[in-house]
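Chemist:
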Amino acid sequence: MTFVSITRLRIRSARFLPAFLIDTWLSARQVRRAEGYRGGRMLADRRQTYWTMTAWDDAASMRAYMTAGPHRRAMPKLMRWCDQASIVHWVQDDATLPDWNDADRRMRAEGRVSKVHRPATGHDPMTFTPPRVTAGVDLPPNSTSPRA
Numbered sequence: 001m002t003f004v005s006i007t008r009l010r011i012r013s014a015r016f017l018p019a020f021l022i023d024t025w026l027s028a029r030q031v032r033r034a035e036g037y038r039g040g041r042m043l044a045d046r047r048q049t050y051w052t053m054t055a056w057d058d059a060a061s062m063r064a065y066m067t068a069g070p071h072r073r074a075m076p077k078l079m080r081w082c083d084q085a086s087i088v089h090w091v092q093d094d095a096t097l098p099d100w101n102d103a104d105r106r107m108r109a110e111g112r113v114s115k116v117h118r119p120a121t122g123h124d125p126m127t128f129t130p131p132r133v134t135a136g137v138d139l140p141p142n143s144t145s146p147r148a
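At position 45 of the sequence shown the residue is numbered 45 (full-length UniProt numbering), and the sequence of numbers has no breaks.
This is the structure:
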């Protein structure tokens with residue numbers, strides 16, 4: 001079984017982008033070394049929107065990553081930086097990552113919005129534009145990362 005996590009974040013102002021991109025880079029370095037991480041992808045969408053997709057051995061592995069290091073330090077900032085934010089998780093039989101269109105479909109059907117201080121139109125009930133899937137990057141686990 002594989003635990004899959006998808007996030008969608010839209011940064012509300014270009015002035016937050018430099019700090020957001022630094023935190024994203026640090027979190028991406030962190031995730032590739034995380035215990036239980038199987039692989040993932042990031043997608044730079046239009047209108048300062050960013051998607052992440054990660055696969056894990058289990059929910060506990062994902063939570064351990066999420067509540068430590070650079071990712072933990074970045075999370076509180078997102079309420080101020082974002083005007084749309086949502087997340088969805090599920091468990092599946094195989095470790096194959098879904099495509100971005102399936103991630104979007106599941107986000108809308110099963111996801112939940114995250115708290116933001118200044119929500120934009122489309123934040124809730126997630127009526128955002130479907131992702132443009134041409135600007136993604138794979139995040140394989142480091143070959144030296146500890147594996148369960």
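We put the beta carbon where it would ideally sit given N, CA and C, even for glycine.
1. What does DSSP give as the partner residues of Met-53 in its beta bridges?
2. In angstroms with no decimal places, state the Cα-to-Cα distance between Gly-39 and Asn-101.
3. Rounded to whole angstroms, what's the CA-CA distance from Pro-140 to Ile-11? Just pull it up for me.
4. For Val-4, is the classification buried or exposed, using 16 other Cβ atoms within 10 angstroms of its Cβ as the cut-off for buried?
5. Looking at Met-79: is its Cβ nearer than 8 Å to the Cβ of Val-113?
6. For Arg-112, list the residues DSSP reports as bridge partners.
7. Please list, in chain order, all residues of the same chain as Ala-148 whose beta carbon is under 7 Å from its beta carbon, the five residues on each side excluded.
8. If I'm right that Met-42 touches Gly-122 with Cβ under 8 Å, what's the distance once you round it to whole angstroms?
9. Restricting to runs no shorter than 3 residues, where is the beta strand (DSSP E) found entirely within the stretch 112-141?
10. Please classify Ser-13 as buried or exposed, where buried requires at least 16 other C-beta atoms within 10 Å of its C-beta.
Modeler: Reading it off the structure:
1. Walking along the sequence shown from the start, residue 53 turns up at place 53. Bridge partners of Met-53: Ile-6, Arg-41.
2. Start at 1 with the first residue of the sequence shown, and residue 39 comes out as number 39. Start at 1 with the first residue of the sequence shown, and residue 101 comes out as number 101. Spanning the two alpha carbons is a distance of roughly 18 Å.
3. Against the sequence shown, residue 140 aligns to sequence position 140. Against the sequence shown, residue 11 aligns to sequence position 11. In this structure, the alpha-carbon of Pro-140 lies about 25 Å from that of Ile-11.
4. As a position in the sequence shown, residue 4 is number 4, starting the count at 1. With 16 or more neighbouring CB atoms inside 10 Å of its own CB, Val-4 falls in the buried class.
5. The count along the sequence shown starts at 1 and reaches residue 79 at position 79. The count along the sequence shown starts at 1 and reaches residue 113 at position 113. Against a cut-off of 8 Å, the Cβ pair of Val-113 and Met-79 comes out as no contact.
6. In the sequence shown, residue 112 corresponds to position 112, counting from 1. Bridge partners of Arg-112: Ile-87.
7. By one-based count along the sequence shown, residue 148 stands at place 148. Its pLDDT being 43, under 50, Ala-148 is placed unreliably by the model, and nothing is read from it.
8. For the purposes of this step, residue 42 is taken as the residue at position 42 of the sequence shown. For the purposes of this step, residue 122 is taken as the residue at position 122 of the sequence shown. 21 Å between Cβ atoms; not a contact.
9. You should have 136-139.
10. Start at 1 with the first residue of the sequence shown, and residue 13 comes out as number 13. Flag for Ser-13 reads exposed.
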